[in-house]
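Take 1 as the starting number for the sequence shown in full-length UniProt numbering and just add one per residue.
Shown next, in structure tokens, is the structure this report addresses.
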Amino acid sequence: MIECMEIEFTYDGEHQALAGIDLKVDAGEFVCVLGGNGSGKSTLAKHLNALLVPDKGSVVVDGNDTAEPRHVYRIRSTAGMVFQNPDDQLVASLVEDDVAFGPENLGVETAELAHRVRDALQEVGLVGFEKHETFALSGGQKQRVAIAGVLSMQPKILILDEASAMLDPRGRKGLMRVCRSLHERGMTIVMITHFMEEAAEADRVVVLDRGTVALSGPPQEVLVRTDILSDLNLEVPFACNLSLKLRDAGLDVPVRVREEQLIEALPRALASGSAAPATVAGNATNVETTASAANAANEADEPAIELRGVSFTYNPPSKRTSAKKEGSKTGKQAKWGNDPDAVWALRDIDFSVRKGEFFGIAGHTGSGKSTLIQHTNGILRPTEGRVLVEGRDVSDKKQAAGIRADVGVVFQYPENQLFADTVYNDVAFGPRNLKLSDEEVDARVRESLALVRLDFDELRDSSPFALSGGQQRRVAFAGVLAMRPSILVLDEPVAGLDPAARREFLGLVSELHQAGRTVVMISHSMDDLAACCDRVLVLNEGRMFALGTPRDVFLQARELNDIGLGIPAAQRMANSLREAGVPIPGNVLYDGETLARVLADIAGGVR
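Laid out in structure tokens, this is it:
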């Protein structure tokens, strides 16, 4: 179905984005493409539907050479592509019009067109959103509209470029469910992802490194190559990582890349040990103790942010009723966790963030997370209730400038915040608007670039748009830090980053937190929230669902699953093994190291 032969490509005539890739994809095959940021994944994807044409070599899609202009229409009818950022793909103002755009341009008749739109929206769980405006959707909802738009074209090949990056856990599961169903019906799928659990479900995994194919083979062979994957800034699936830890501890455990396979194999491997409940020491105790200590230490601190009975609606006042009396018109819930008829984006939100706290926010797509954080510096103002930042009301126009200087917000895709001609001018924009002296502005630019580990002398005169994606994200972050905010608010700051870049960015945020800044972070990664946060707030349909330490929140596995969220991978594995009869102690929030140690203790009969 796809044949790439020795393809080379460069954007600037100097640096090769693709450097001689040979790749064949059979009809009906499910191929997952992995690689660090800048390895050439998106560039390769754009060659598969003739958005780009190789400088050397050839790409043939279903018998059609992409270099032949007369074949382009047929190729793009054959290969449907979902881009990394849905805003690059949405073209219509209404959801149903956007989903209909592709098949309409293929000449599909009206009756069939309506049928395709309905089926595609059903696949992605957005039935009921037909008349919603695309610009008003959340990032995850936009991504699902983009996926539906491609599915409605009924292509032979589905190309997904980080299509799950902005989706919540339920959305990612839903996307994989759709992919499996389409694959079983014979569709060819090429998926680019940084989620190793998704890669584990493919027929074949291809790993790129600096524009070349570094590894290719079945997931069970490729995803266990920890030596090579680590050097390429990638990681292995959690099940594989746990398997290897247990083997290092002397257990005869098969290495598995899928969690369900390891859960099935582990009880037999542990059977020779004692069935007595294991003791828990070390990290698991520390997870609970550290979070509780941080929680207690912050109890006496003044609140940095307070939301008092906050409700908010994007709808005109004439369409509203009291938020406390009515949450939606119908009370129904869509397939992937949204009520299409919801009037209120936020309803009766009441909590505070303490000074110096690392505060996490989780929730399904469309639950109100981004709406909530836009209240923290007055971008949005509550329809009902009050928002206070260090005692100042965000609705008070006299206080607005001071609040926005103290609260630095980093949005989804922070690189979209870039706009200046040079890195220096972009980072200097905020300080200059504070009317600071040239010397002070210069000092702040140098300081903030150093904080995000970018070389001032090397990049100061570079265009921010000529940088890599990871560098752009750091420059955008530096522009926020140059304002020296006491509170950092981050909306999915690591979405789309490779595992190494994600760890490095979260490490940077952690360092800023340890230096005294208050941090509020939205994330769809339960593992990141559990590792980083003192407390976690969970939103559901615009309401507060849970608030507490990571341990308090993530021990509610069933409840979180019911609203479309997950729990950290180690905790998920621990719960599944306990259900399979392995005597793992409960009431503990596990990380990978602790779970491996407890399982080793069980096998060795340690009480």
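All C-beta atoms, glycine included, are put in the ideal place defined by N, C-alpha and C.
Simplified DSSP assignment, three categories, for Met166: coil
Three-way DSSP call (helix, strand, coil) for Asn377 in this model: coil
Cut-off 8 Å between Cβ atoms - residues of its own chain near Ala265, not counting five sequence neighbours on either side: Val253, Pro254, Arg256
Chain-order list of residues whose beta-carbon lies under 6 Å from that of Asn298 (same chain, five-residue window excluded): Here Asn298 scores only 46 on pLDDT, less than 50, and its place in the model should not be relied on; the value that follows carries that caveat. Hits under 6 Å: Arg354, Glu357.
Exposure label - Thr110; buried when at least 16 CB within 10 Å: exposed
For Asp491 and Phe359, believed in contact at Cβ under 8 Å, the rounded distance: Between Asp491 and Phe359 the Cβ distance is about 13 Å, and since that is not below 8 Å, they are no contact.
For Ile584 and Asp601, the rounded distance between their alpha carbons: 10 Å
Range of the contiguous alpha helix (DSSP H) that encloses Ile263: 259–270
Beta-carbon proximity list for Ser486, same chain, < 7 Å, skipping 5 on both sides: Asp406, Arg517, Thr518
Buried or exposed (CB count within 10 angstroms, at least 16 for buried), Lys24: exposed
Straight-line gap, Ala100 to Val117 (C-alpha atoms, nearest Å): 6 Å
Reference Thr78, options Met187, Glu198, Ser58, closest by Cα: Met187
Glu8 beta carbon less than 8 Å from that of Gln16: yes
DSSP three-state assignment for Phe359, whether helix, strand or coil: strand
7 Å Cβ shell around Pro568 - same chain, five flanking residues per side excluded: Met526, Asp527, Ala530, Phe554
Assumed close pair Ala214, Ile228 - CB separation to whole angstroms, cut-off 8 Å: 7 Å
Coil, strand or helix - Asp12 by DSSP: coil
Own chain, CB closer than 6 Å to Glu288, minus 5 neighbours either side, in chain order: Any reading at Glu288 must be qualified, since the residue scores a pLDDT of 40, below 50, and its modelled position is unreliable; the value itself is stated next. So the list reads Arg551, once near-sequence residues are dropped.
Option in Gly470, Asp457, Lys398, Glu302 with minimal Cα separation from Gly391: Glu302
Backbone secondary structure at Phe477 - three-state DSSP: helix
Buried versus exposed, by CB contacts within 10 Å (16 or more), Lys329: Residue confidence for Lys329 is low, a pLDDT of 42 falling below 50, so the modelled location carries little weight; the figure read from the coordinates is stated next. Exposed.
Span of the alpha helix (DSSP H) around Ala111: 110–123
Minimum C-alpha distance to Arg502 - residue among Ile75, His194, Ala163: His194
Unbroken stretches of the beta strand (DSSP E), 3 residues or longer, contained in the segment 415–495: 487–491
Candidates Phe129, Ser468, Arg474, of which the one nearest Leu449 by Cα: Arg474
Opening and closing residue of the alpha helix (DSSP H) in which Met196 lies: 196–199
Helix, strand or coil at Asp209 [DSSP, three-state]: strand
Best match in Leu234, Val224, Asp231 for proximity to Ser243 [C-alpha to C-alpha]: Val224
Touching by the beta-carbon criterion (3+ pairs, under 8 Å), the segment 131–140 and the segment 85–105: yes
Boundaries (first-last residue) of the beta strand (DSSP E) holding Gln304: First, the residue type needs correcting, since residue 304 is Ala and not Gln in the sequence shown. Taken as a continuous stretch (DSSP letters only), the beta strand (DSSP E) holding Ala304 covers 303–312.
Residue environment, Ser152, which counts as buried when at least 16 other CB atoms sit within 10 Å: buried
Cβ neighbour criterion (16 or more within 10 Å) applied to Phe312: buried
Straight-line gap, Leu547 to Val538 (C-alpha atoms, nearest Å): 6 Å
Alpha-carbon spacing of Leu270 relative to Gly566, whole angstroms: 27 Å
Cβ pair Ala50, Arg70 closer than 8 Å: no
Simplified DSSP state of Gly57, which is helix, strand or coil: strand
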